[in-house]
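J.: Can you keep this structure in mind? I'll have questions shortly.
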Amino acid sequence: MDNLTPKTPKLLIVDDQPHNLGILFDFLTRSGFKIFVALDGESALQRTEVTEPDLIILDVMMPGIDGFETCKRLKQNPSTQDIPIIFMTALSDTVDKVQGFKLGAVDYITKPIHQEEVLSRIQTHIKLYHLQNQLQTKTEELAHLNQNLEEIVQARTQQLIEQEKTALIGRLTQGIVHNLRNRIQLILSYKCLATGEMTEEAVSPETTFAYLEKMAEVTWDMSQILDNLMHKSKMDHSLQLTSLNVNDILKKELDFWQANLQFKHKVKKKYVLDEHIPLIPLVYTDISQILDNLIGNALDAMWDKEEQTLTIITRQDEDNLYIDVQDTGCGIPPENLSKVFDPFYTTKPLKGEEKQRNQPTGTGLGIYTCMQILKGFGGDIKVTSELNKGSIFTVRIPKQNNG
1 MDNLTPKTPK
11 LLIVDDQPHN
21 LGILFDFLTR
31 SGFKIFVALD
41 GESALQRTEV
51 TEPDLIILDV
61 MMPGIDGFET
71 CKRLKQNPST
81 QDIPIIFMTA
91 LSDTVDKVQG
101 FKLGAVDYIT
111 KPIHQEEVLS
121 RIQTHIKLYH
131 LQNQLQTKTE
141 ELAHLNQNLE
151 EIVQARTQQL
161 IEQEKTALIG
171 RLTQGIVHNL
181 RNRIQLILSY
191 KCLATGEMTE
201 EAVSPETTFA
211 YLEKMAEVTW
221 DMSQILDNLM
231 HKSKMDHSLQ
241 LTSLNVNDIL
251 KKELDFWQAN
261 LQFKHKVKKK
271 YVLDEHIPLI
281 PLVYTDISQI
291 LDNLIGNALD
301 AMWDKEEQTL
311 TIITRQDEDN
321 LYIDVQDTGC
331 GIPPENLSKV
341 FDPFYTTKPL
351 KGEEKQRNQP
361 TGTGLGIYTC
371 MQILKGFGGD
381 IKVTSELNKG
391 SIFTVRIPKQ
401 NNG
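Anchor point for the sequence shown: position 272 equals 272 in UniProt numbering, and the numbering is continuous, going up by one each time.
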């Protein structure tokens, strides 16, 4: 015996002839098997349930229910259907072997038996039986492991999506802080010029007033930036389903992006908004996150371009609203277009990877997150792109959705 079979395999021998049972019992006991016997089909069905043998040797020609009917019933029982069955017949018996195989038997042996041949067949089928059991167990374990892995991956992906949202706001806020710091420095410079601290010369009242006006303009600009930041912070924590106008959300997001120096000073902006877009039930933070990701990606795609143009269009048909976000950036290679919505795919270098100075990095979760949000209320997102000319991302939002 080997590790594919139990230490003492169990056999059930079914035959209505005690003489035949005796021969097989003695021979197979000496060969290391634990033997159980039954004199008819009914007894065999009962003993199989109790003893759970590793293999059954079943005589075909018996009184009462014959071997074929016994086999049929064993195969109909979930607890016994996988046990291998070897039919046993006399050389003089006229038996339809095909019928036996169709019923699920694995082999035939004939009486009088040839001990070495019978032993070899029994050992082979027991090994196969236990190998199949092990395979089934491993398959179930792998299926369970795969399910666990899928759950782990889904949970981790959701965690990364939340981190991506936080990181996006963090990157935007970092830009705002930098922007405000520059303005504070500008105010301090104006103050020094207004008071003459930088020149140590008397400053005329007119010059002082002019610098005070400039300080007021910069202060107002800072106030607008902070107001936009506070509004976005408040709205991005709103998870309530509300009837909203996509154009209104877009305008607020564009106001927020004015704090980004690239957006404000380098990018030419074109907006074509359908003013007849209806109110539809949406979660503000969902649309805000989608717009932030798409605008941010458009800016990243154009980061090293001399001519940077961002075009945003809102439009509608009978059933849907559409938002087109178009850039004049690097574009996406045709062979990579199908990967754009896969998690962790990005055309940008990952954080920590080698990159050019000031080149944006990515996580590969921004567009994937957009798609998952949109799928949640029956929408989707598509992309068209031309290498070195730019891309267009088109968001579709059903007018009737579940939010």
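By construction, the Cβ of each residue, glycine as well, lies at the ideal position given by its N, Cα and C atoms.
1) Determine which residues share a DSSP beta bridge with T314 and list them.
2) Could you check if residue 404 is buried or exposed, using at least 16 other CB atoms within 10 Å of its CB as the buried criterion?
3) Compute the distance between the beta-carbons of V383 and L321, then report whether it is under 8 Å.
4) In terms of residues, what are the limits of the beta strand (DSSP E) holding M88?
5) Can you name, in chain order, every residue of its own chain whose Cβ lies under 7 Å from the Cβ of R47, other than the five neighbours on each side?
6) So who's on the other strand from L241, going by DSSP bridges?
7) In terms of residue numbering, what span does the alpha helix (DSSP H) encompassing F27 cover?
8) Rounded to whole angstroms, what is the Cα-Cα separation between E42 and F33?
9) So the candidates are A259, I126, D292; which of them puts its Cα closest to the Cα of L250?
10) What's the gap between the Cα of Q154 and the Cα of N146?
11) Report yes if the C-beta distance between D342 and T314 is below 8 Å; otherwise report no.
12) Taking the beta carbon of T207 as the centre, do at least 16 other beta carbons fall within 10 Å, making it buried, or is it exposed?
13) For the 8 Å Cβ check, are there 3 or more pairs between the stretch 304 to 314 and the stretch 322 to 340?
14) Short check: CB of H114 to CB of I86, under 8 Å?
15) When the Cα of M62 is compared with those of L74, D82, I83, T89, which residue comes out closest?
16) Assuming N260 and G366 form a contact by the criterion Cβ under 8 Å, report the distance between their Cβ atoms to the nearest whole angstrom.
17) Check this for me: beta carbons of G104 and K75, under 8 Å apart or not?
18) Answer with buried or exposed for C192, where buried requires no fewer than 16 other C-beta atoms within 10 angstroms of its C-beta.
19) Please go through the same chain and pick out, in chain order, the residues whose beta-carbon is closer than 8 Å to the beta-carbon of I187, but skip the five residues on each side of it.
20) List the whole-angstrom C-beta distance separating K280 from K399, where the pair is believed to meet the contact cut-off of C-beta under 8 Å.
21) Among F256, D317, R121, K10, whose alpha-carbon lies nearest the alpha-carbon of H276?
22) Which of the three DSSP states is assigned to F263 in this structure?
23) Taking C-alpha atoms, which residue in E307, L254, P84 lies nearest to I287?
24) Going by beta carbon distance, what residues of the same chain come within less than 7 Å of R73, once the five residues before and after it are set aside?
25) Please report the distance separating the alpha-carbon of D16 from that of L135.
26) Can you tell me which of P333, V283, V340, T394 puts its alpha carbon nearest to the alpha carbon of G376?
27) Counting C-beta neighbours from all protein chains within 10 Å, is the total for D54 16 or more, i.e. buried, or is it exposed?
28) Across which residues does DSSP place Q308 in a beta bridge pair?
29) How far does the beta strand (DSSP E) with E386 in it reach, from first residue to last?
30) Work out the CA separation of I122 and D26 for me, nearest whole Å.
31) In chain order, what residues of the same chain lie with their CB nearer than 6 Å to the CB of V267, ignoring the 5 residues before and after it?
32) From L374, N388, S385, pick the residue whose C-alpha is nearest to that of R396; which is it?
33) Within the same chain, show all residues whose beta-carbon is closer than 8 Å to that of T242, passing over the 5 residues directly before and after it, in chain order.
34) Can you tell me whether P9 is buried or exposed? The criterion is at least 16 other CB atoms within 10 Å of its CB, across all chains shown.
35) Going by C-alpha to C-alpha distance, which of E213, V50, D300 sits closest to residue 488?
36) Within its chain, find whatever has a CB closer than 6 Å to the CB of V334; leave out the 5 residues flanking it on each side and keep chain order.
T.: Here's the rundown:
1) Among the bridge pairs identified by DSSP, T314 is matched with L273, I323.
2) Past the boundaries of the shown model lies residue 404; the chain is included only from 1 to 403, so the question cannot be answered.
3) No, they are not a contact pair.
4) The continuous beta strand (DSSP E) containing M88 extends over residues 85 to 90.
5) Correct list, in chain order: L12, F36, A38.
6) As DSSP reads the structure, L241 sits in a beta bridge with V283.
7) Its alpha helix (DSSP H) spans residues 18 to 30.
8) Spanning the two alpha carbons is a distance of roughly 23 Å.
9) Minimum Cα-Cα distance from L250 among the listed residues A259, I126, D292 corresponds to D292.
10) If I take the Cα positions, the gap works out to 12 Å.
11) Their beta carbons are not under 8 Å apart, which means D342 does not touch T314 by this criterion.
12) Exposed, because fewer than 16 other Cβ atoms sit within 10 Å of the Cβ of T207.
13) Using a Cβ-Cβ distance cut-off of 8 Å, the stretch 304 to 314 and the stretch 322 to 340 are in contact, since at least three pairs of beta carbons, one from each stretch, lie closer than that value.
14) One thing to note: H114 has its Cβ no nearer than 8 Å to the Cβ of I86.
15) Ranked by how close their Cα comes to the Cα of M62, the residues L74, D82, I83, T89 have T89 in first place.
16) Not quite, the Cβ-Cβ distance comes to about 16 Å (not below 8 Å), so this is no contact.
17) Going by C-beta atoms, G104 is nearer than 8 Å to K75.
18) Flag for C192 reads exposed.
19) Here the set comprises M215, V218, T219.
20) The identity of residue 280 in the sequence shown is Ile, whereas the question assumes Lys. I280 to K399, Cβ: 5 Å. Contact.
21) Taking the Cα of H276 as reference, the smallest distance to any Cα among F256, D317, R121, K10 is reached at D317.
22) In this structure, F263 counts as helix in the three-state DSSP scheme.
23) Measuring from the Cα of I287, the nearest candidate turns out to be L254.
24) So the qualifying residues of the chain are L45.
25) So the alpha carbons of these two residues sit roughly 35 Å apart.
26) Answer by Cα proximity: V283.
27) A buried status is given to D54, since no fewer than 16 other beta-carbon atoms sit within 10 Å of its beta-carbon.
28) Beta-bridge pairing links Q308 to V267.
29) Here the beta strand (DSSP E) through E386 covers 380 to 386.
30) The C-alpha of D26 lies about 15 Å from the C-alpha of I122.
31) Within the same chain, V267 has close Cβ partners Q308, L310.
32) Among L374, N388, S385, the Cα nearest to that of R396 belongs to L374.
33) The residues are P281, L282, V283, Y284.
34) Buried is the call here.
35) For residue 488 there is no data in the structure shown, the boundaries of the chain being 1 and 403.
36) For the sequence presented, residue 334 should be read as Pro rather than Val. Counting only Cβ-Cβ distances below 6 Å, and skipping sequence neighbours, we find nothing.
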